[in-house]
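To start, the structure itself, in structure tokens.
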Amino acid sequence: MLHRALKIAMQRERVARNVATLVDPPKQRRAETPMPLDVAECRKVLAAAEGRRNAARWTVALALGLRQSEALGLQWRDIDLEVGKLSVRRGLHRVDGKGPMFEEPKTPRSRRTVALPGPLTVALRKQHETQDFERMVAGSDWQDFGLVFAQPNGRPLDKHSDYEAWTRLLADAGFRHIRLHDGRHTAATLLLTAGVHPRVVMELLGHSQMRTTTDIYSHVMPALAQEAADRMGTTLWG
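Under our numbering, think of the first position of the sequence shown as -5, with each following residue one higher.
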């Protein structure tokens, strides 16, 4: 806009030159292409996570698609293991010089309640039992933040150490490196390919706009189109 305004001003002899041409425009960041895991890869990652601290952390990432801040800010009071429900009510953020801080979701859609798959409920029960043991071992050193995923002394996990744990898990499972955020794309992709309506996926993942969900939908369209063709073939020709 400034470049065009100065160009017009120069044409009208209001300025001697368009100085905007001397400045290089900022380079636009290319959006990273999502690299979701498929079903077989997810099962391999979850198998590799068995026996690790906070193993359910990765089940939550792949099955529910929680953002990193949402998963690290999850507290036991947010989960009803009897009913099988989980509520996203806050995110854990780290402010320089102030340490960990809990903040409410930025958008109304991010604040949501989702149903838990049966196996995830089992994994979270196991997580609770393991944490009870860690609390007993820590004794007076335990700091109770009520977190589902925490350090051995109960304090919040650092997002960098959480990411490093994800990287090690992938390496041990024999996988290519993918971003932790692609766990979120994985959940969306699995739901969409399972036939879940995009509007429902939008609500489950807390997308603020339908476009975010449909952008992911475009990545799985070729597979869905082939499935549709196969179904039509079966319907017409048996």
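Every residue, glycine too, gets a C-beta built ideally from N, C-alpha and C.
Within 10 angstroms of the Cβ of residue i, are there 16 or more other Cβ atoms? Answer buried if so, exposed if not.
i	result
L230	exposed
T183	buried
V82	buried
A222	exposed
V54	buried
P146	exposed
Q220	exposed
V33	exposed
S134	exposed
V286	This structure cannot speak to residue 286, because the chain is shown only from -5 to 232.
Assign residue i to one of three DSSP states: helix, strand, or coil.
i	result
F139	coil
H191	coil
H87	strand
F96	strand
D152	coil
V77	coil
T229	helix
A42	helix
T27	coil
V109	Correcting the residue identity first, residue 109 is Ala in this sequence and not Val. Residue state, collapsed to three classes: strand.
A57	helix
A49	coil
A222	helix
A34	helix
A167	coil
Q125	helix
Q203	coil
Q62	helix
Between the C-alpha atoms of residue i and residue j, what's the straight-line distance to the nearest angstrom?
i	j	result
R149	R225	51 Å
R173	M130	34 Å
L56	R170	16 Å
K100	T228	46 Å
L118	A188	24 Å
H179	L186	10 Å
A217	T27	17 Å
A167	C36	10 Å
L151	L66	7 Å
G112	G78	8 Å
R193	A132	44 Å
E97	K38	33 Å
T115	E76	9 Å
R162	F127	25 Å
Can you give the beta carbon distance from residue i to residue j, rounded, assuming they're within the 8 Å contact cut?
i	j	result
S94	R103	Position check: residue 94 holds Pro in this sequence, whereas Ser was assumed. The Cβ separation is near 24 Å, so there is no contact.
K120	A50	7 Å
D156	Q62	7 Å
L86	L110	Wrong, their Cβ atoms sit about 20 Å apart, outside the cutoff.
V159	L58	This sequence places Ala at residue 159; Val is not what is there. The pair is not a contact, with the Cβ atoms about 18 Å apart (cut-off 8 Å).
Any heavy atom of the ligand HEM closer than 7 Å to the CB of residue i?
i	result
R149	Ligands are entirely absent from the displayed structure, and the ligand HEM is therefore not among its contents.
Assess contact between the segment 134 to 150 and the segment 32 to 43, defined as three or more Cβ pairs (one per stretch) separated by less than 8 Å. Is contact present? no
Cβ contact check for the segment 189 to 200 and the segment 104 to 114: 3 or more pairs under 8 Å: yes
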